[in-house]
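So for the sequence shown, the numbering used here puts the first residue at 21; every next one is plus one.
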Amino acid sequence: MGCRLRLLLAIALTTALPLAAGCSRAGGAPERASLEAQPQENQLGVEATLYESERLDAVPLDDLGRLDRLRQQGRFEEFIDQALNVAAEQPDRAILHTLRCEALLASGRNDAAESAAHRAAQLACDAEDTPLATAALKLWATARFRQGKSLDDPQVARWLATLPAEDEAVQMLLFWQQAIGSPTTFRIDDGAGGSYDVPLADSVAGSLPFELNAIQARANGVAQPLVFIDTGAAHTLITVEAADRAGVERGTSTTRLVGFAGLVAQPAVLETLELGNLVLHDVPVLVGDSPPLTAQGGQMSLGTELMHHVRFHIDYPGRRVTVEPAGWRDFRRGSTPFWKIPLWTFSQVCLARGQTGDGAMARVLVDTGDRAGTFVSYRWGRRHLPPLRAATSPVVFRFQKRNLALEELDLGTQTLFAWRVEDTIPNELDRLNLVDILVGHDLLWPYRLTIDLPGRVLELHSGTSPRDPAARAPHDNGENDGNQP
């Protein structure tokens, strides 16, 4: 949780456009780090796989370079349009179908993304291009899971059988394919509709669980008393101890997670996940002990793949969390949001787009697991902030406060002015080139937040104007500056 600047913990399942990493860490201020992290072999993302492919000479480098540049610049609509067009112009190029799938996922077209990934896998397997075939099948799995489908597909099973059995991603996909007996995943009980209150975790005022509105849940019917809602993580993570107590079935293969030496996770499936009275069945998760999560005594963090099926409402001032099936359409009867932040739901991370007063674009991660504040990429910051030095610590919970600020940043329908920046993203994560700006609790604390991933938007209610969190005492005991809702 927390802005662990793990940078999107994009683990396993998804392929990896450099856009997939996660950024939430479980620890808050100077006490957090990353819960999940991206697999070492995928750090450079889909493009890395593409450039390393032996068949790269069949694809014009200018096309790939242009697409990558658009994405890195936060020009998401242009990236999506051009990725779709280039793939249509060169229909026999597996690499371009992989990028087409990423573009479709980012724009919420999961059914079409599934087809694109399937075609990419077919072309890559026919060409005996193992890295690209594996990347395409990961994207295919992501598209399937977002639609609530299992991985039961005879053709995919045949392709997996031709890939190296020792490959971690292959083992993970095979486990999920075999372990999920139902044709569906993230299945919600029939008749479920409306909003359900979720009990908050027991916590002390001012603590990380208190400020982030951590909740209680049940996995396989077993209580999980401390669970974090984490938009900075792609996948739901459960600790080894919690998984053992709940009798969670998990695979024997492990995925190495970046950010912590020796940290690994195993694929698993929850038979049931209960959020208040909302019950989901056959929920793919990862099992592993993230130091930030275990340091808080937590058992689970809920990532964005779950949020494609469950809509979360987090009322920070009111200390309340409610959930509802993502397909339930009556939720918009409530108040008109004060602030809307559009999202692009890439395979491993949900990004917003920011724009500075001088027109520079930025890839922004709004991380509900981040208590520490706002961080910027050194790469981006050296061009758009006053002179600053690179981060010296490999982990975020050791950051040093600096006198940095974003003078003006358009973010969705509102603008941030003189917005304080705590530090730069740690070098180890910054080099993945996934996120330019990370914001968290410093932005969200005055609002009621709706996380609507099928609608590709964050909605903030009951606000007055975006404010630098420095205007608020760390723990103001209910008092405010007159502007707080």
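Backbone N, C-alpha and C define an ideal beta-carbon position, used for all residues, glycine too.
In this text the structure is predicted, and so the values were computed from the model without any measurement.
Item checked: Exposure of N130, with buried meaning 16 or more beta-carbon neighbours within 10 Å -> buried
Notebook entry, point to check: Which runs of the beta strand (DSSP E) spanning at least 3 residues fall entirely within the stretch 206 to 239, listed in chain order?
Noted result: 216 to 218 and 235 to 239
Item checked: Cβ distance (whole Å) where L313 is taken to contact A285 below 8 Å -> Rounded, the Cβ-Cβ distance is 11 Å, inconsistent with contact.
Check: What do you get for A41, buried or exposed, if any count of 16 or more other CB atoms within 10 angstroms of its CB means buried?
Finding: Note that A41 has pLDDT 31, beneath the 50 cutoff, so the model's placement of it is unreliable and no number is given.
Check: Would D112 be called buried (16 or more neighbouring beta carbons within 10 Å of its own) or exposed?
Finding: Exposed, because fewer than 16 other Cβ atoms sit within 10 Å of the Cβ of D112.
Item checked: Candidates H255, A263 and D250, of which the one nearest R238 by Cα -> A263
Check: By the 10 Å Cβ neighbour count, where 16 or more other Cβ atoms means buried, how is P345 classified, buried or exposed?
Finding: Answer is buried; the Cβ neighbour count reaches 16.
Checklist line | Pick from R265, A189 and Q102 that is closest to T275, judged by C-alpha positions | finding: A189
Checklist line | N-terminal and C-terminal residue of the beta strand (DSSP E) that A288 is part of | finding: V284 to L295
Next item on the list: Mind checking who D472 pairs with in its DSSP beta bridge?
Entry: V477
Check: At what residues does the alpha helix (DSSP H) containing Q183 begin and finish?
Finding: The sequence shown places Leu at residue 183, rather than the Gln named in the question. From DSSP, L183 is part of no alpha helix (DSSP H); its letter is neither H nor E.
Notebook entry, point to check: P311 by DSSP, collapsed to three states: which one?
Noted result: helix
Check: What first and last residue would you give for the alpha helix (DSSP H) that runs through K158?
Finding: T150 to R166
Next item on the list: Determine the direct distance from the alpha carbon of A114 to that of L371, and round the result to whole angstroms.
Entry: 25 Å
Checklist line | Residues bridged to V190 [DSSP beta-bridge criterion] | finding: None; V190 has no bridge partner.
Notebook entry, point to check: Around the Cβ of G318, are there at least 16 other Cβ atoms within 10 angstroms (buried) or fewer (exposed)?
Noted result: buried
Check: Buried or exposed: which applies to D209, given that a residue is buried once 16 or more other Cβ atoms fall within 10 Å of its Cβ?
Finding: exposed
Next item on the list: Note the first and the last residue of the continuous beta strand (DSSP E) segment covering G374.
Entry: C370 to T376
Item checked: Between the CA atoms of G323 and E291 - distance to the nearest angstrom -> 17 Å
Checklist line | C-alpha distance - R89 paired with D390, whole-angstrom precision | finding: 28 Å
Notebook entry, point to check: Looking at the structure shown, is P174 part of a helix, part of a strand, or coil, going by DSSP?
Noted result: helix
Notebook entry, point to check: How about D187: is its Cβ closer than 8 Å to a heavy atom in the ligand GTP?
Noted result: Among the ligands in the structure shown, none appear at all, so the ligand GTP cannot be discussed.
Check: Going along the chain, which residues of its own chain have a beta-carbon closer than 6 Å to the beta-carbon of H333, five neighbours each way excluded?
Finding: So the qualifying residues of the chain are T342 and T470.
Notebook entry, point to check: Considering T324, what are the terminal residues of the alpha helix (DSSP H) in which it resides?
Noted result: For T324, the enclosing alpha helix (DSSP H) has its first and last residue at T324 to M327.
Note to self: Which of the three DSSP states is assigned to Q92 in this structure?
What the structure shows: helix
Next item on the list: Quick one: grab the DSSP three-state call for W465.
Entry: coil
Checklist line | Beta-carbon contacts of D430 that lie in its chain and below 7 Å, excluding the five residues immediately before and after | finding: Same-chain partners within the cutoff: G374 and Q375.
Note to self: According to DSSP, simplified to helix, strand and coil, what is W439?
What the structure shows: strand
Margin query: So for F332, helix, strand or coil by DSSP?
Written below: It is a strand residue.
Check: Using the rule of at least 16 other Cβ atoms within 10 Å of the residue's Cβ for burial, across every protein chain shown, is W439 buried or exposed?
Finding: Counting the other CB atoms within 10 Å of its CB gives W439 a total of 16 or more, which places it among the buried residues.
Next item on the list: Between the Cα of L293 and those of Q236, P287, D309 and S310, spot the shortest distance and give me the residue it belongs to.
Entry: Q236
Next item on the list: Identify whether I258 lies in helix, strand or coil by the three-state DSSP scheme.
Entry: strand
Next item on the list: Using 10 angstroms around the beta-carbon of E97, count the other beta-carbons present and answer buried if the total reaches 16, otherwise exposed.
Entry: exposed
Check: So what does DSSP say about R383, is it helix, strand or coil?
Finding: strand
Notebook entry, point to check: I115 lies in the alpha helix (DSSP H); which residues open and close that run?
Noted result: From DSSP, the alpha helix (DSSP H) with I115 extends over A114 to A126.
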